[in-house]
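Numbering (full-length UniProt numbering), first residue to last: 1 to 657.
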C-alpha cells in the first residue's frame with residue numbers, strides 16, 4: 001500500500017480543521033463531523049485548542065483512500081504558531097492550501113503560498129465555504145491568479161453559489177489548457193489537431209502538479225460536503241506518493257516531540273529511507289550525534305495509531321525510548337538538507353511566577369514546553385531567578401500562559417514584550433593571554449581575533465595555528481566556548497556575522513608524580529581553556545566594537561486609496577519606511593519596512609485607520625542598526641567575563657597573581 005503525507009494549510013478561519021473533519025468523515029474514519037465551535041474536532045486534542053477554536057499544535061491522523069494510506073497533518077493557521085507549520089513542511093509529500101470563497105486571498109495565504117512554491121511542494125487549492133452568502137468563483141480565481149500564482153488549473157465550476165445547495169461540478173475548463181500548454185507544447189498541438197482527449201488532459205494535470213508547475217483548484221464546502229469527493233479524487237490522482245526505499249540506509253527526521261501519560265518522551269518522525277524496527281539501536285541528533293534504543297513504535301492507520309514491530313520508508317511513526325531526542329533531530333543518516341522556511345522569533349519576554357509558584361517548578365515546566373517547541377528559546381538567569389522566552393506574538397504568550405496554568409497548575413504573568421536584538425562587530429579586534437603571564441590563572445594560552453562577516457553568514461571559527469600544536473580536545477573546548485560566549489555580547493545580545501580566528505595556543509602536558517598520579521596543578525585540562533576563552537573573546541570584542549541591530553519586518557498593506565492620507569503619518573510615527581506605493585483601482589498597496597517592536601501596534605491601529613478594510617502582511621526582513629532612542633541592552637546571565645575580577649572570583653575563586 002502506498003503512503004501519502006498530506007498537509008492542510010490555511011489562513012485563520014478559512015475552514016482548515018473543518019475540512020479535515022469532513023475528509024475523515026467521507027473516508028469513513030469518523031461517524032460524525034466534529035465542530036470547531038463545539039470543541040469536538042478530531043485533531044484539536046488540547047483543551048486549549050477546543051476552547052479557543054484554533055489549532056495550536058500540528059496533529060496527525062490517517063485514513064485510507066483506495067490503495068493509499070493518507071497521513072493527514074493539520075497545522076496551525078495563526079502566524080504566532082508558524083514554527084509548527086515549518087516543521088511539518090519538511091515531512092510532506094503534498095499539500096492542500098485552503099481559501100475561503102468569501103474572504104479570498106488573505107495575508108497568511110500569501111506567506112504560505114510563497115513557501116510552498118519555494119519548496120516546489122505539489123499543492124492543490126481548495127476554495128471552501130461556497131455555501132456562504134458572498135461566495136465568489138470567477139472573481140476569486142482572478143484574485144488568486146493576481147495575488148498567489150497564475151499557474152491555476154480550475155478542475156470544474158460551481159452551481160448555485162452562495163446557497164446551501166451550492167455544489168461543485170467537475171469538468172474541463174477552457175482556461176486550463178492555456179496554463180498547461182505553457183509547460184507542454186504537445187497539448188496545444190493535439191488541441192489544434194483535434195486529438196486532445198480528456199485522459200490526455202488529466203495526465204498532463206497530474207504530471208505538472210507533481211512537478212509543482214501548476215496548482216489544480218477545487219471548490220466546495222466542508223460544512224455541507226460539497227466538492228469533498230472530487231477533492232479526494234484529486235488527492236489520489238494528482239499528488240505523488242511517498243518515495244524512499246525500505247531497503248536503503250535508515251534516514252528520517254523528528255518533527256514533533258510530546259510527553260506521554262507517564263512523562264516519557266514520544267517523538268514523531270518521518271522516515272525517508274530504510275526500515276526502523278522496535279529495539280533497534282540508532283544514531284540521532286542535529287549536531288552532536290547520540291545513540292538510543294527504540295523501545296516502541298506506532299504508526300497511524302484508520303484514524304488511530306497502533307503499535308508496530310517495524311516502520312518502512314515513507315511512513316510517519318511515533319517512537320519511544322529516545323530520551324534525549326529533540327525536534328529537528330535526524331534519525332540515522334541525515335536527510336537532504338532543508339532550509340528554515342520561516343524566520344525565527346523576534347520578540348522576547350520574561351515569565352513572572354505568580355504568588356506561591358516555585359521558580360524551580362516553573363523552569364522545569366518551561367524546559368518541557370521548549371522540548372515541544374525549540375523556538376521558545378529559553379534563557380535562564382540563575383542569579384535573578386528569571387526565565388525569558390522568545391515569541392512570535394501576543395497570542396503565543398496567551399497560549400503559553402494558559403498552558404502553564406492548565407497543564408502544570410502554575411499561574412504566571414509576563415513583562416512587556418521587547419524586540420530580540422543582535423550584535424554585530426564593526427571592526428577587527430584581537431586579544432591573547434599566555435600561561436603564567438599578566439594574571440592569567442589558567443594553564444592555557446589562547447589568542448583570538450574577531451573580524452566582521454557579511455550579514456546572514458552567522459559565526460565561523462577558524463584556526464590560525466597548527467592543528468597539531470596541542471591536543472584536539474583543547475581546540476574543541478575553545479571553539480565550543482567561543483560559540484557559547486557569543487550568545488551574549490557587549491550589551492548582552494547574541495553576537496552574529498563574524499569570524500573568530502584562534503591566533504595563539506599553548507598548554508602544559510600531562511604531569512605525574514613518581515607514583516604516576518595525575519597532578520592537575522601542573523597539567524592543562526579542557527577546563528582551563530573553557531575558563532580562559534571567555535575573557536580573551538570579550539577583550540577582542542571590546543577592541544572590535546559591536547553595534548546593536550534590531551529586527552525589522554517587511555510589510556505590505558492593502559487599504560482603500562482614500563485612507564492613504566491618514567495612514568502615512570501613523571506609519572511615520574511608528575518608524576515605518578514606505579518604499580513603494582501602487583494603486584489598484586480603489587485600493588492602494590504600500591510596501592516597506594517597520595521595526596518588529598512596532599508591528600503589534602500597527603496591527604491594532606490599522607482597522608481604525610482604514611474603516612476595517614485594511615489588510616496587513618508582515619514578515620521578518622533583516623536586522624538594522626538601532627538609530628532611535630537609547631541603545632537597548634539585555635541583562636547578562638551566568639558569569640560575566642566583562643568584569644574580570646568578578647569572573648575570576650566566580651570561576652576560579654581567585655583573581656590571579
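By construction, the Cβ of each residue, glycine as well, lies at the ideal position given by its N, Cα and C atoms. Note that the structure is a prediction, hence the values are computed from the model and not measured.
What residues match up with residue i in a beta bridge as DSSP calls it?
i           : result
residue 62  : 71
residue 582 : 589
residue 350 : 388
residue 555 : 592 and 618
residue 305 : 300
residue 251 : 273 and 332
residue 281 : 293
residue 256 : 268
residue 310 : 277
residue 30  : Looking at the DSSP assignment, residue 30 forms no beta bridge with any residue, so it has no partner.
residue 623 : 551
residue 5   : 71
residue 546 : 425
residue 316 : 270
residue 607 : DSSP, once it has assigned bridges, lists no residue as partnering residue 607.
residue 560 : 587
residue 218 : 126
Considering Cα atoms alone, identify which of the options is closest to residue i.
i           : options               : result
residue 268 : 399, 232, 422 and 87  : 87
residue 425 : 272, 66 and 497       : 497
residue 660 : 29, 140 and 537       : With the chain covering only 1 through 657, there is no way to say anything about residue 660.
residue 461 : 620, 501 and 244      : 501
residue 714 : 478, 2, 606 and 652   : With the chain covering 1 to 657 only, the question about residue 714 has no answer from this structure.
residue 360 : 408, 640, 335 and 349 : 408
residue 353 : 347, 346, 363 and 345 : 363
residue 258 : 208, 510, 301 and 327 : 327
residue 648 : 570, 629 and 534      : 534
residue 4   : 477, 111, 241 and 66  : 241
residue 332 : 367, 292 and 344      : 292
residue 14  : 91, 71 and 135        : 135
residue 443 : 202, 474 and 89       : 474
residue 660 : 106, 153, 202 and 541 : No answer is possible for residue 660: the residues shown for the chain start at 1 and end at 657.
residue 180 : 403, 165 and 201      : 201
residue 108 : 92, 142 and 147       : 147
So, at 6 angstroms on beta carbons, what are the nonlocal neighbours of residue i in its own chain, with the 5 sequence-adjacent residues on each side left out?
i           : result
residue 52  : With a pLDDT of 44 at residue 52, under the threshold of 50, the predicted position of this residue should be treated as unreliable, though the coordinate-derived value follows. Cβ neighbours of residue 52 beyond the five flanking positions: none.
residue 568 : none
residue 123 : 95, 97, 116 and 215
residue 591 : 556, 579 and 580
residue 566 : 609
residue 470 : 505 and 507
residue 625 : 547 and 549
residue 350 : 386, 388 and 415
residue 371 : 257
residue 611 : none
residue 184 : 204
residue 479 : 461
residue 582 : 589
Could you name the residues of the same chain whose beta carbon sits closer than 8 angstroms to that of residue i, not counting the 5 residues immediately before and after it, in chain order?
i           : result
residue 247 : 274 and 275
residue 249 : 273, 274, 332 and 333
residue 714 : Nothing can be reported for residue 714, as the shown portion of the chain is limited to 1 through 657.
Report all residues from its chain with a CB closer than 7 angstroms to the CB of residue i; omit the five preceding and five following residues, and keep chain order.
i           : result
residue 170 : 155, 156 and 230
residue 646 : 640
residue 346 : 419, 420, 551, 596 and 620
residue 603 : 616
residue 163 : 131
residue 613 : 559 and 560
**Q.** Length at least 4, wholly inside the region 164 to 216: the alpha helix (DSSP H) runs in chain order
**A.** Unbroken alpha helix (DSSP H) stretches of 4 residues or longer found wholly inside the region 164 to 216: 174 to 181, 185 to 193 and 198 to 210, given in chain order.
Q) Taking contact to mean at least 3 C-beta pairs separated by less than 8 angstroms, is the region 384 to 401 in contact with the region 450 to 469? A) The region 384 to 401 is not in contact with the region 450 to 469.
Q. Should the region 318 to 325 be regarded as contacting the region 292 to 299, the criterion being three or more beta carbon pairs within less than 8 angstroms?
A. The region 318 to 325 vs the region 292 to 299: in contact.
Q. Are three or more beta carbon pairs between the region 185 to 195 and the region 119 to 134 nearer than 8 angstroms?
A. At 8 angstroms Cβ cutoff, the stretches do not touch.
**Q.** Inside the region 377 to 458 only - beta strand (DSSP E) runs reaching at least 3 residues
**A.** Complete beta strand (DSSP E) runs here, min 3: 379 to 381, 386 to 391, 412 to 414, 422 to 425, 429 to 433 and 444 to 452.
Q) Could you give the uninterrupted runs of the alpha helix (DSSP H) lying entirely in the region 460 to 521, keeping only those of 4 residues or more? A) Fully enclosed alpha helix (DSSP H) runs of 4 or longer: 472 to 485.
Q) If you pair each beta-carbon of the region 546 to 563 with each one of the region 526 to 534, do three or more pairs fall below 8 angstroms? A) At 8 angstroms Cβ cutoff, the stretches do not touch.
Q: Pair every Cβ in the region 280 to 289 with every Cβ in the region 215 to 226, then say whether three or more of these pairs are closer than 8 angstroms.
A: The region 280 to 289, when compared against the region 215 to 226, does not touch it at the 8 angstroms Cβ threshold.
Q) Three or more C-beta pairs closer than 8 angstroms, one from the region 625 to 642 and one from the region 483 to 497: is that the case here? A) Between the region 625 to 642 and the region 483 to 497, the count of Cβ pairs shorter than 8 angstroms is three or higher; the stretches touch.
Q: Please specify which runs of the beta strand (DSSP E), each continuous and at least 3 residues long, are wholly inside the region 82 to 161, giving them in chain order.
A: Within the region 82 to 161, the runs of beta strand (DSSP E) at least 3 residues long that lie entirely inside it are, in chain order, 94 to 100, 123 to 128, 152 to 154 and 156 to 159.
Q: Would you be able to state if there are at least three C-beta pairs under 8 angstroms between the region 436 to 455 and the region 392 to 399?
A: Fewer than three beta-carbon pairs drawn from the region 392 to 399 and the region 436 to 455 are found closer than 8 angstroms, and the two stretches are therefore not classed as touching.
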